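Asks:
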Amino acid sequence: MTLTAPPAARPAAGGPDLTRAALSGRRRFTNHLATAVIWFAVLLAVIPLALVTYTVIAKGGGVMSLSFLNEDIPNSYRREGGGMGPAIVGTLLITGMAALMAIPLGVFGAIYLNEYGKQRPLARIIRLMADVMTGVPSIVMGLFIYISWVLLVGEFTGFAGALALACLMLPVVIRSSEEMLRLVPDELRQASMALGARKWKTTLTVVLPAAISGITSGSLLAVARAAGETAPIIIVTGIVFSPNWNLFDGSNTALPAQIFRNASTSFPAAQDRAWGAALTLIVIVLGFTIIARFISSRFAIKER
Amino acid sequence: MTLTNNPPATKPTLTQRGSSALGDRVFSWWTLGTGLLVLAILGLILITTVREAWPAFDAMGLRFITERVWDPNPATGDAVFGALSFAYGTAVSSLIALLFAVPVSVGIALFLTELAPRRLRGPAVTVIDLLAAVPSVVFGLWGILVVAPALVPIYQWMHDLLGGIPLLGRLFGPVASGRNFMTAGLILAIMVTPIITSITREVFSTVPRADKDAALALGATRWEMIRGAVFPHSFGGVVGAVMLGLGRAMGETIAVALVIGGATNITANLFAPGNSMAAVIVQQFGESTGTFTAALIGLGVVLFAMTVLVNLLAQVVVRRAEARMKGSVA
Chain A
1 MTLTAPPAAR PAAGGPDLTR AALSGRRRFT NHLATAVIWF AVLLAVIPLA
51 LVTYTVIAKG GGVMSLSFLN EDIPNSYRRE GGGMGPAIVG TLLITGMAAL
101 MAIPLGVFGA IYLNEYGKQR PLARIIRLMA DVMTGVPSIV MGLFIYISWV
151 LLVGEFTGFA GALALACLML PVVIRSSEEM LRLVPDELRQ ASMALGARKW
201 KTTLTVVLPA AISGITSGSL LAVARAAGET APIIIVTGIV FSPNWNLFDG
251 SNTALPAQIF RNASTSFPAA QDRAWGAALT LIVIVLGFTI IARFISSRFA
301 IKER
Chain B
1001 MTLTNNPPAT KPTLTQRGSS ALGDRVFSWW TLGTGLLVLA ILGLILITTV
1051 REAWPAFDAM GLRFITERVW DPNPATGDAV FGALSFAYGT AVSSLIALLF
1101 AVPVSVGIAL FLTELAPRRL RGPAVTVIDL LAAVPSVVFG LWGILVVAPA
1151 LVPIYQWMHD LLGGIPLLGR LFGPVASGRN FMTAGLILAI MVTPIITSIT
1201 REVFSTVPRA DKDAALALGA TRWEMIRGAV FPHSFGGVVG AVMLGLGRAM
1251 GETIAVALVI GGATNITANL FAPGNSMAAV IVQQFGESTG TFTAALIGLG
1301 VVLFAMTVLV NLLAQVVVRR AEARMKGSVA
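Chains as they are written, first to last, in our numbering: chain A, 1 to 304; chain B, 1001 to 1330.
(1) So which of A:S76, A:I47 and A:G83 has the shortest CA-CA distance to A:T62?
(2) Answer with yes or no whether the minimum CB distance from A:L208 to chain B is below 8 Å.
(3) Just the C-alpha distance for A:K59 and B:F1139, rounded to the nearest angstrom, thanks.
(4) Let me check one thing: in DSSP terms, what residues is B:F1081 bridge-paired to?
(5) Below 8 Å between beta carbons is the criterion; list the residues of the stretch 1136-1158 of chain B that meet it against any residue of chain A, in chain order.
(6) Going by the DSSP bridge assignment, what does B:G1261 pair with across the sheet?
(7) Report the rounded CA-to-CA distance for B:R1201 versus B:V1080, giving the unit in angstroms.
(8) What does the Cβ neighbour count give for B:R1179, buried or exposed, with the cut at 16 atoms within 10 Å?
(9) Are the Cβ atoms of A:G135 and B:L1244 separated by less than 8 Å?
(10) Can you give the Cα-Cα distance for B:L1312 and A:V132, rounded to whole angstroms?
(11) Please compile the residues from chain B whose C-beta is within a distance smaller than 8 Å of the C-beta of A:Y116.
(12) Here's the rule I'm using: 16 or more other beta-carbon atoms within 10 Å means buried, otherwise exposed. How should B:W1223 be labelled?
(13) Using a beta-carbon distance below 8 Å, is A:M193 in contact with chain B?
(14) Within this structure, are the beta carbons of A:E71 and A:G90 separated by less than 8 Å?
(15) Are the C-beta of B:F1111 and some C-beta of chain A separated by less than 8 Å?
(16) Against chain A, does B:P1103 count as a neighbour if the rule is that its beta carbon must be under 8 Å from one of theirs?
(17) Do A:P116 and B:T1034 have their C-beta atoms closer together than 8 Å?
(18) Would A:W200 count as contacting chain B if we go by Cβ distances under 8 Å?
(19) Put A:S31 into one of helix, strand or coil per three-state DSSP.
(20) Residues in its own chain within less than 7 Å of B:D1071 by CB, not counting five upstream and five downstream?
(21) Listed in chain order, which residues of the stretch 231-260 of chain A have Cβ atoms closer than 8 Å to some Cβ of chain B?
(22) Is it the case that the Cβ atoms of A:V236 and B:V1127 are separated by a distance below 8 Å?
(23) Rounded to whole angstroms, what's the CA-CA distance from B:L1246 to B:A1184? Just pull it up for me.
(24) State the CB to CB distance for the pair A:A164 and A:M129, rounded to an integer number of angstroms; the pair is presumed to be in contact (CB under 8 Å).
(25) Put A:V136 into one of helix, strand or coil per three-state DSSP.
(26) Under a Cβ-count criterion, where at least 16 other Cβ atoms within 10 Å of its own Cβ denotes burial, should B:R1118 be classed as buried or exposed?
(27) Specify the secondary structure class of A:L165 as computed by DSSP and reduced to three states.
(28) If you measure between the beta carbons of A:T53 and A:A227, is that distance less than 8 Å?
(29) Report yes or no: do three or more beta-carbon pairs, one from the stretch 1059-1075 of chain B and one from the stretch 1206-1214 of chain B, lie closer than 8 Å?
(30) Helix, strand or coil for B:G1228 per DSSP?
(31) Under DSSP, the alpha helix (DSSP H) around A:L105 begins and ends at which residues?
(32) DSSP state of A:N70, grouped into three classes?
(33) I'd like the list of long-range same chain contacts for B:Q1156, defined as Cβ closer than 6 Å, with 5 residues on each side in sequence excluded.
(34) Could you give the distance in angstroms between the alpha-carbon of A:L220 and the alpha-carbon of A:T253?
(35) Where does A:F248 sit, in a helix, a strand or coil, going by DSSP?
(36) Along the chain, where does the alpha helix (DSSP H) containing B:I1190 start, and where does it finish?
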């Protein structure tokens, strides 16, 4: 047919018109409408992000100062000034301790799933349950640690908060590490085995180093998410107004808990502190996220 | 030691020292142990919370779920703990969230997979990642101090406009304050959008190139291609993604606690204050004792059971959809 002829040479009669002009008005309109709706959806996601970022920076920036990051929390909502020092100490200590517990355990769990369990029924159940555990509400994890640790020890501690956060991080670390281990080519394992290395040695000295950048970035994302968790902190760590550097003795506090506490009051001084704490928390969380992205984009490509 | 376990055919020079064979076994047990930790924690959560909540379950029986009154300190008589009002709040706020979040998420996923010019794709993914990275308590803070007051005139206008319509108008009743079911649902919508988007996007990206090209070659517009090739192929996966979003919305605590208003209330009015199960726990846990604490933990048990069920179902749906799609790609 005339299909092969260039458009300019196409005879006036005969041959289907394949240009856009041949579309019926209704079909063209629907297509344009759908495209517009999709662009609008993207816009709808950008708006809240921009508004939140703007408000937190504008209101939090007004309070931000070196003394805000250092000073103790005033124990009256009304009092002006003061800072979030104890909460920053608490957030860093509690999140750090949680990471120290959850990341090694999670990585070993991932090694089981990818190197030993593979598609066996038990491994499949663990995989499914890890995904389900990711969806367990943080408040439930807080209640669990309250019952099984705080009631046992008899006092609120920062360590209880770390336990709760570790439980929340564990499944995330397991699943993201497993994905990374899966990307390690089998040839590496076979080469190591052929050289006579035992499986544990192969796993620890060949497979794990090959996947370490991906595992690190996945774990850092889990840490970032845990640092923003509020509900378990409120339930299990109690509250303090001056820094407590000991996770195992006495109550502690963290930035998210302070934001929650101060946000629900109607005192401007407290609300200002909440905005300042929010800015600090976002900077910490974003810091982790950016480092994670940097590691995964910088090192992952080199290895592949 | 375990040298004797090696097959006799192996040449002596290739065998390994016994100690590392032991190392192998210890290592595999240790990794298995850490893997089993997940199952252990889930089991322990169920056992310990149910045991601790038992006084409340025992006192209330089935009424714990069917009773709408929640009165920990009544002037006379026994305390009453009924979770129905809070279950209603959880359901309503989550449904509002999905109503807004699902179309937006599907739209963004389509944008990322089908529509976006290459240089816009990266920034769009970053927006979603950042939206997921913002801690929920920050959304809560923004919600209670900025969004709720700002929405009051809009709610008032909607009430004046739609409140008079019979039946439907009951959804848009009188506005008491900006802290209500609707605000909670809107804030939740922002928070579940990233998770629904990321899974939906993965599902869309598994649609075979050939299917899409075939649709376009038959003369379909881009939208007709999406409707005819992308949607039917990924329906199951999208359903799973929506359910994961639902699980997240039901369990979200802090942001909802700040913006839902804190009233024990069952009403069709979306502009009325209410409360959700997760929010009640975090609001009242500090001042509770005895059976009251047990009842709050009981709310946790109900919440745990519901989210695990929804998540389990969602995972099964997603997995099944994934398996089917991988089959068709090959």
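Ideal placement from N, C-alpha and C gives every residue a C-beta, glycine not left out.
Since the model is a prediction, treat every value here as computed from it, not as a measurement.
Replies: Quick answer:
(1) In the sequence on display, residue 62 of chain A carries Gly and not Thr. The shortest Cα separation from A:G62 among A:S76, A:I47 and A:G83 belongs to A:G83.
(2) For A:L208, no Cβ of chain B is located within less than 8 Å of the residue's own Cβ.
(3) 14 Å
(4) B:W1070
(5) S1136, V1137, V1138, F1139, G1140, L1141, W1142, I1144, L1145 and V1146
(6) B:G1274
(7) 46 Å
(8) buried
(9) yes
(10) 6 Å
(11) S1028, T1031 and L1032
(12) buried
(13) no
(14) no
(15) yes
(16) Residue-level contact check: B:P1103 touches chain A, since one or more beta carbons of chain A fall below 8 Å from its beta carbon.
(17) In the sequence under discussion, the amino acid at residue 116 of chain A is Tyr, which differs from the Pro named in the question. No, the pair does not count as a contact, with Cβ atoms beyond the cut-off.
(18) yes
(19) Residue identity check: residue 31 of chain A is Asn in the sequence provided, not Ser. Secondary structure of A:N31 (DSSP, three-state): helix.
(20) A1079 and V1080
(21) A231, I234, I235, P256, I259 and F260
(22) no
(23) 14 Å
(24) About 18 Å separates the two Cβ atoms, so there is no contact after all.
(25) coil
(26) exposed
(27) helix
(28) no
(29) no
(30) helix
(31) G85 to I111
(32) helix
(33) V1175
(34) 22 Å
(35) Shown here, A:F248 sits in coil according to DSSP, grouped into three states, outside any helix or strand.
(36) F1181 to S1205
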